[in-house]
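I have placed the structure first, in the form of C-alpha cells, so that the comments after it can refer back to it.
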Amino acid sequence: MCFRWKQMSEDERIIVESDGETGPFVAVGSELRFRAWGGTDLGRKRKQNEDCSLIDPVNGLFIVADGMGGGERGGEASRMAVESIRSTLFNDMNTLRQFAEDSTREHYKKVQQLVHRAVLGAHSNIRNQARSLAKGKYMGTTVTCLIICGRIGVVAHVGDSRLYRIRDNQVRQLTRDHSLIAERVRRGELTPEQARVAPGKNVLLQALGVSPKIELDIGFLTLQPGDQFLICSDGLHNYLVDDEVVTVFQEKDGDRLIPRLISCANQRGGKDNITAIALRVSSPWDSVAATQLDVAPDIFSSLRLLQGLDFMDSAAFLQSGQVKSFIGAETIIEEEQPLEGLYIVLDGRAQVTRQQVWLATYTQGCFFGEAALLGPAVSTVTMRCEREGMRILIFKPEEFRNLLEQSPEIGYKILWNIFQELAISQRDLIIRLTDSIRRRSS
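For the sequence shown, our numbering gives the first residue as 2, with consecutive numbering after it.
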C-alpha cells in the first residue's frame, strides 16, 4: 500500500491510498527541488501486500515499511508504523522547520529526540495491538524513513528495508540491515557474496512490534543537487546489486524508475512484496543534462546502420540519440507497447520473443523499431535483456526528421541501410516459412 498527501488547504491535509505506481510529486524550496515517485507490487508469490509507504514532498517525509506476521497482520503493522510516525512528526512540524532554517547543535538534538519518539511510539502501538493476537501469532514491521529538512536529510531505520544514495554514478547504502546474515558479514563470518546465497536471509534481529526493545539507527546527511535516493523493501533489494541500482537511476524519465525496478524484481523471482520510493534532488535552476554517448570505437564498424558513413557523420548521428541502460532480465519493450523510435543495440544481448516463442537474439549492431520513424507504431515482439546488462540507443522520430532536414545525405544513407536490412529480413523470413511448410507436409 502506498500513501501520498493530497493538499486541501493551508490547515487541512488528508492521506490518500493508492495502488501501483504513483508520482511524480514535486516540492520546490528556496534552495533545493525534489521530485519523488513511489510504487508497490504484490510480487509473484504472496497473496497479500504487507508493505506500506508514504510520500509527502510538501513536508519532506518519505517512508517504507515492510510488514511481517502473515496476511492482514503484517499489513496492519506496516500501516500503523507509517501512520503513527507521520502523525507524531506532523504534530511537531515546527521542530523540523526550525532545524531546516538553523541547523544548530541544539536543533540537531531536538530533531533526534523527535524522530526517536516518533518511531518508538509506533513500536509501542504495534506491540499493544499484538497483545490481542492468539498465542504464537505476532505482527511487526521494518521501517526506513527519510526526512528532508532544507539541505539536510534525517534518516531513521529499523529492520532490513534500505536507503541508498546515488551520487556521481556511485551508490552507497546508507542504512545497515538489522538481520542475522548482515551481522555475520559485519563480524567477518561471511563475505557479501556468500551472504547473497546464505540461508536465513529473512531472520531479523529487530523490528518494530516484535523485539521487546529496539535500537533505532538515526543519522544525518547533507543533500546536494544531483543526489538521488532509493528507499525500498527487501522484496526489491534482494534482487539487485549496487551497480544495477546506478544503471537504473541513469534513466532520464523519472516516471519509468519505479516500473523498471518492480518489473526487474518480478522477472527475477518476485518472491516478496515489492515497494520502492525514488527521490531526485536538484537546484530550482538546474536543467536536465543531455545523455552523453560513450561507446567503444568498434561500434562504428559493427553497426550495419552506419554503412557508407564516415566517422564524423556516424558520431553526429549517434550523438543525437538517447542512451538507455538496462540490467539483467529487465524488459526493454513488450508486445503491443508503443515504440519510442528506432532502437539500436550498442552492447550486450537481448532475447526476442513473441507470445513466449523465441524468435532471435539481438547483439551489438542490431536495430529494430524502424516503423516508428514513419508514424505511431507498437512493438510486435518482447525484448528482454540477458544477465550481463546492455545499452540501447533510441533515436526518436522527431530527431530523425531533424536529421533529414539538416543533413539529408546522412539521413538518406541511413534510410538506404534500413531498407537493405528489411529486404534481407524478408528474404530470411520467406526461407524459414518455406522450410517450415516443407517439414510439415513431408
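Quick reminder that beta carbons are idealized off the backbone N, C-alpha and C, glycines included.
Legend entry - Length of the line joining the Cα atoms of residue 342 and residue 371: 7 angstroms
Legend entry - residue 429 - DSSP class collapsed to helix/strand/coil: helix
Inset, instruction - Alpha carbon to alpha carbon, how far is residue 75 from residue 323? Give it in angstroms, no decimals. - result: 42 angstroms
Legend entry - Euclidean distance between Cα positions of residue 41 and residue 176: 21 angstroms
Legend entry - the segment 146-161 touching the segment 208-222, judged by at least three CB pairs closer than 8 angstroms: yes
Legend entry - Bridge partners - residue 97, DSSP secondary structure assignment: DSSP, once it has assigned bridges, lists no residue as partnering residue 97.
Inset, instruction - Counting only the same chain and skipping the five closest in sequence on each side, list residues whose C-beta sits under 7 angstroms from that of residue 31. - result: With a pLDDT of 49 at residue 31, under the threshold of 50, the modelled position of this residue cannot be trusted; read the value that follows with caution. Excluding sequence neighbours, residue 31 sits near nothing in its chain.
Inset, instruction - Verify whether the separation of the beta carbon atoms of residue 336 and residue 380 is less than 8 angstroms. - result: yes
Inset, instruction - Could you tell me the boundaries of the alpha helix (DSSP H) in which residue 312 lies? - result: 312-320
Inset, instruction - Alpha carbon to alpha carbon, how far is residue 253 from residue 412? Give it in angstroms, no decimals. - result: 26 angstroms
Inset, instruction - Pick out whichever of 417, 419, 393 and 377 has its Cα sitting closest to the Cα of residue 501. - result: Not covered by the structure: residue 501. The range shown for the chain is 2 to 443.
Inset, instruction - Identify the continuous beta strand (DSSP E) that holds residue 325 and give its terminal residues. - result: 323-327
Inset, instruction - Helix, strand or coil for residue 266, going by three-state DSSP, please let me know. - result: helix
Inset, instruction - Please say whether residue 328 and residue 265 have beta carbons closer to each other than 8 angstroms? - result: yes
Inset, instruction - Please name the residue, chosen from 243, 283 and 415, that lies closest to residue 174 on a Cα-to-Cα basis. - result: 243
Inset, instruction - Find the nearest neighbour of residue 269 within the set 238, 98, 53 and 250, judged by alpha-carbon distance. - result: 238
Inset, instruction - Could you tell me whether the Cβ atoms of residue 73 and residue 49 are closer together than 8 angstroms? - result: yes
Inset, instruction - Starting from the Cα of residue 386, find the closest Cα among 397, 394, 105 and 363 and give me that residue. - result: 363
Legend entry - Proximity winner among 228, 230 and 261, relative to residue 240 (alpha-carbon distances): 261
Legend entry - Beta-bridge pairing of residue 38 - partner residues as DSSP gives them: 279
Legend entry - Where residue 355 falls: helix, strand or coil (DSSP): strand
Legend entry - Selection from 394, 218 and 316 that minimises the alpha carbon distance to residue 144: 218
Legend entry - C-alpha gap between residue 86 and residue 147, whole angstroms: 12 angstroms
Legend entry - Coil, strand or helix - residue 140 by DSSP: coil
Inset, instruction - Using alpha carbons as the reference points, say which of 320, 358 and 359 lies closest to residue 345. - result: 320
Inset, instruction - Report the partner residues of residue 165 according to the DSSP bridge assignment. - result: 174 and 231
Legend entry - Distance between residue 106 and residue 384 (C-alpha atoms, nearest Å): 54 angstroms
Inset, instruction - Quickly, what does DSSP pair residue 339 with across the bridge? List them, please. - result: 379
Inset, instruction - Determine, using beta carbons only, whether residue 157 and residue 127 come nearer to each other than 8 angstroms. - result: no
Inset, instruction - Using the Cα positions of residue 187 and residue 64, report the straight-line distance between them to the nearest angstrom. - result: 26 angstroms
Inset, instruction - Express the C-alpha separation of residue 221 and residue 112 in angstroms, rounding to a whole number. - result: 10 angstroms
Legend entry - Environment of residue 273 [buried if 16+ CB atoms lie within 10 Å]: buried
Inset, instruction - Over the uninterrupted alpha helix (DSSP H) stretch that includes residue 108, give me the two end residues. - result: 106-131
Inset, instruction - With a 10 Å radius around its C-beta and 16 neighbouring C-beta atoms as the bar for buried, classify residue 249 as buried or exposed. - result: buried
Legend entry - Cβ pair residue 347, residue 393 closer than 8 angstroms: yes
Inset, instruction - Just the C-alpha distance for residue 275 and residue 422, rounded to the nearest angstrom, thanks. - result: 41 angstroms
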